[in-house]
Structures are given as C-alpha cells and as structure tokens.
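K.L.:
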Amino acid sequence: MTENITPEWFKSSRSGNGGACVEVATNLLPSTGQVLLRDSKNPDVAPFAFTRAEWQAFVGGAQDGEFDI
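Here you go:
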C-alpha cells in the first residue's frame with residue numbers, strides 16, 4: 011500500500027504579502043526523496059520536484075551568492 015502524504019507548503023518570512031512568492035514543501039523528503047517548489051499565485055499547477063542533492067546544491071549556491079544580481 012502506498013502512503014499518501016500531503017505536501018506542507020511554506021514560504022520565506024521575508025517574502026512579504028505581495029503574493030508573488032514561491033512555496034516549498036520539504037516534508038516529503040523522508041518518503042519520496044523530493045523537495046517540491048511551486049508558485050504561490052498558481053497553487054493548482056504541478057510543482058517542480060527536486061532531489062535532495064539538487065535542492066542542497068541550489069541552497070548552497072544561494073548561500074554562497076552564486077545567484078546575486
């Protein structure tokens with residue numbers, strides 16, 4: 011039997027209330043090995059799915075300033 015786990019979405023506390031945010035669900039990592047990412051304006055559109063390694067590489071790059079404009 012496959013367990014059905016609902017993503018628990020959250021957004022950064024720094025995102026404000028503008029509505030143009032991304033939301034992340036990390037609670038699926040233990041069961042599916044995935045982190046989900048979606049646009050808060052379009053929550054019914056299928057989210058992007060990333061592996062643990064892909065997500066860690068992205069977060070590490072953000073922390074290291076790779077994406078600073």
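Under our numbering, think of the first position of the sequence shown as 11, with each following residue one higher.
The C-beta atom is built at its ideal place from N, Cα and C for all residues, glycine as well.
Only a predicted model underlies this, so the values are computations on that prediction, with no experimental measurement involved.
Would you grab the beta carbon distance between F20 and V32 for me? Rounded to a whole angstrom, and I think it's under 8 Å.
P.N.:
That pair is no contact at about 10 Å.
K.L.:
According to the neighbour-count rule (16 or more other Cβ atoms, all chains shown, within 10 Å of its Cβ), is P40 buried or exposed?
P.N.:
P40 comes out exposed.
K.L.:
Along the alpha helix (DSSP H) that carries L39, what are the first and last residues, could you check?
P.N.:
Segment L39 to T42, the alpha helix (DSSP H) holding L39.
K.L.:
Could you pull out every residue in the same chain whose Cβ sits closer than 8 Å to the Cβ of F77, ignoring the five residues on either side in sequence?
P.N.:
These residues qualify, in order along the chain: G71.
K.L.:
Considering only their Cβ atoms, is the gap separating L38 from L47 smaller than 8 Å?
P.N.:
No; because the gap between Cβ atoms is not below 8 Å, this pair is not in contact.
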